[in-house]
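2 protein chains.
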Amino acid sequence: MPLPDRGLDFGDGLFETLLLRDGAPLFLEYHLARLGGGLRRLGFPDCIARVQQYLEQACTDIASRGWRGCALRLTVTRGGGPRGYTPPEPASPRILVTATHLERDCGTAAAPASLTVSSVRWPTQPLLAGLKHLNRLEQVLASAETRHCGADESVMLDQEGRVISAVAGNIFIASGGQLRTPPLTHCGIAGTRRQLVLERWAPAIGLAVEEAELDLADLVAAEEVFITNSLFALRPVACVDETRWANHRICRTLFHCFLEEIG
Amino acid sequence: MPLPDRGLDFGDGLFETLLLRDGAPLFLEYHLARLGGGLRRLGFPDCIARVQQYLEQACTDIASRGWRGCALRLTVTRGGGPRGYTPPEPASPRILVTATHLERDCGTAAAPASLTVSSVRWPTQPLLAGLKHLNRLEQVLASAETRHCGADESVMLDQEGRVISAVAGNIFIASGGQLRTPPLTHCGIAGTRRQLVLERWAPAIGLAVEEAELDLADLVAAEEVFITNSLFALRPVACVDETRWANHRICRTLFHCFLEEIG
């Protein structure tokens, strides 16, 4: 990659993780909508048309390789510029696409995950909350800790100890026929699959769903817990430390909504 | 630069901005101490010896070009690795050095700066407070706003509205013969020149100095305000919005301490 690049220097950029099936990106419009919103909030020039060209080219290439499943990382940085924090005006965004072959077929539900609670907490920053920007040191440190603990994933809390998310995904809890996920007003990443559960999949099965502040007591008292991200869609949670769940009924039902959408 | 690189992907790294005079880095031991502390906190393998080799090579090269003043950016990332947040174990850190020629001689005091108050606030994150890591979106957005306002610099507050720093530097206020700078326990970057004022330059002139929480009322009531960073050492503050200071006596006296140290 040519240097300097403000993505490397300051994390001045955004990314998306897209799941491709037979070279076709799933829920592309959701990813592009989030990316477009992020570009506006960071003051980037609109480069969505160019992003789409890059993606089409990458998808054609991946389809020709015969890859069934593929994780595509799309990165958009503010490009180069002079020394220092001040962004060039206008900026020339740089677009990078990286493809990783996936063995697992996304049509198969992921096995229930064992979670612990991370000691790494989200930073409080309403200005950047929801964005999938490149400043991800908390996720890096939390992931290293998760591996050290031997868990599959971790629950990440905010600075006040409220439940926000998994390290690489959003979190939902079900209690009394009601699905809840934390609001992302001061930290967290607004996941595309989280949005799909809220707007399409939970309504499709007639399940009430809302954003609600959750603490660890709400989590361990839940009847069912699952996490969402773009690579596995929905994944049941088997345990958070000593608290175990054998019931994954809602997660499995919502996963069928996902399967129906992808055909 | 070879890809993937976790510095680009996640801001998984640290940097230092060193001032070189005739090819010699100023206060190198302070920069290396901060960098070494950051590497440990992020769980990087110790690569300080290799960093020193890179720096020596860069300094030799810059000296041979006859550059009087030079800003050297040293970046250390966790290097490459497989897809996803989890860092490889062991990581192979990547070291990058970029040099920018400076017209201004660091022996000349910078002109007093006009400041505004940024609407961009520091995130609350005790885990990363003090580190000069690569997650710097707040500085980018605050710098863009500063330029838009026509100011030289901006005061950055924390989420509770306390004064923390300038965008690219630390801040000190003087009142009643006492120098104060905000503690950096939950956000901010622990600047090398801030440390030098605290540990060496203020004591050298017999001036009491302490870390103390400051709000905007303390700032505007101060008898004198100045900011510090590695490129200008100490810079007087002429105004913060409508509040003006003509008195820069302490800043000038401390700048002489700096001049005496660099010879």
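Note that the protein sequences, when read in sequence, are chains C and L.
If you read the first sequence in our numbering, its first letter stands for residue 1, the second for the next number, and so on.
If you read the second sequence in our numbering, its first letter stands for residue 1001, the second for the next number, and so on.
Virtual Cβ for every residue (Gly too), placed ideally from N, Cα, C.
Since we're looking at a predicted model, the values are computed, not measured.
Query	Result
Neighbour flag for C:F232 against chain L, beta carbons, 9 Å	no
Separation of L:G1176 from L:V1240, as counted between CA atoms	20 Å
Alpha-carbon to alpha-carbon, L:T1017 and L:R1252	23 Å
Continuous beta strand (DSSP E) assignments of at least 3 residues falling wholly in the stretch 1159-1204 of chain L	1162-1166, 1170-1175, 1178-1181
Three-state secondary structure (DSSP) of L:C1047	coil
Per-residue burial, L:L1003 [other beta carbons within 10 Å of its own, 16 or more giving buried]	exposed
Residue of L:V1155, L:R1006, L:P1025, L:L1134 minimising C-alpha distance to L:A1058	L:P1025
Test: C:D9 CB closer than 9 Å to a CB of chain L	yes
Cβ-based burial, C:E103 [other Cβ within 10 Å; buried from 16]	exposed
Burial state of L:A1208, where buried means 16 or more other Cβ atoms lie within 10 Å	exposed
Within chain C, the residues that L:T1228 reaches when beta carbons sit closer than 7 Å	Chain C residues near L:T1228: none, gap ~16 Å exceeds 7 Å.
Exposure of L:E1153, with buried meaning 16 or more beta-carbon neighbours within 10 Å	buried
Pairwise C-alpha distance: L:L1127 and C:Q125	14 Å
First and last residue of the uninterrupted beta strand (DSSP E) at C:A71	69-77
Neighbouring residues, chain C, relative to L:A1241 (Cβ below 7 Å)	According to the sequence provided, residue 1241 of chain L is Asp. The question's Ala does not apply to it. Neighbours of L:D1241 on chain C: none; closest Cβ ~20 Å, over 7 Å.
Inter-stretch contact at 8 Å, needing at least 3 Cβ pairs: the stretch 77-89 of chain C / the stretch 47-63 of chain C	no
Any non-hydrogen atom of the ligand FMN within 8 Å of C:W122 CB	You won't find the ligand FMN in this model; it holds no ligand whatsoever.
Validate contact between the stretch 1044-1054 of chain L and the stretch 169-187 of chain C using beta carbons, cut 8 Å, 3 pairs	no
Beta-carbon spacing of C:L214, C:V163 below 9 Å	yes
C-beta atoms of C:A71 and L:R1083 nearer than 9 Å	yes
Length of the line joining the Cα atoms of C:C106 and C:E199	21 Å
Short CB-CB distance (under 9 Å) between L:T1146 and chain C	yes
Proximal residues of chain C, C-beta to C-beta of L:P1236 below 7 Å	Under the 7 Å cutoff, chain C gives no residues; its nearest Cβ is about 20 Å from L:P1236.
Beta-carbon separation (whole angstroms), L:G1169 vs L:G1191, contact threshold 8 Å	6 Å
Cutoff 9 Å: C:Q57 Cβ touching any chain L Cβ	no
Enclosing alpha helix (DSSP H) for C:E261 [first to last residue]	249-262
L:F1027, enclosing beta strand (DSSP E) - first and last residue	Per DSSP, L:F1027 belongs to no beta strand (DSSP E) and is neither H nor E.
Check whether C:E223 and C:W245 have beta carbons under 9 Å apart	yes
Validate contact between the stretch 1034-1046 of chain L and the stretch 1104-1123 of chain L using beta carbons, cut 8 Å, 3 pairs	no
L:R1094 (DSSP reduced to helix, strand or coil)	strand
Where C:S64 falls, given that 16 or more other Cβ within 10 Å makes a residue buried	exposed
L:F1044 versus L:P1093 - alpha carbon distance	7 Å
Nearest to C:E210 (by Cα), restricted to the options C:I189, C:T75, C:F232, C:I171	C:I171
Contact under 9 Å by Cβ, L:L1134 with C:F15	no
Best match in L:V1120, L:D1005, L:P1203, L:A1204 for proximity to C:T98 [C-alpha to C-alpha]	L:D1005
CB-CB length for C:Q139 against L:Y1030, believed under 8 Å	Contact doesn't hold; Cβ gap of about 30 Å is too wide.
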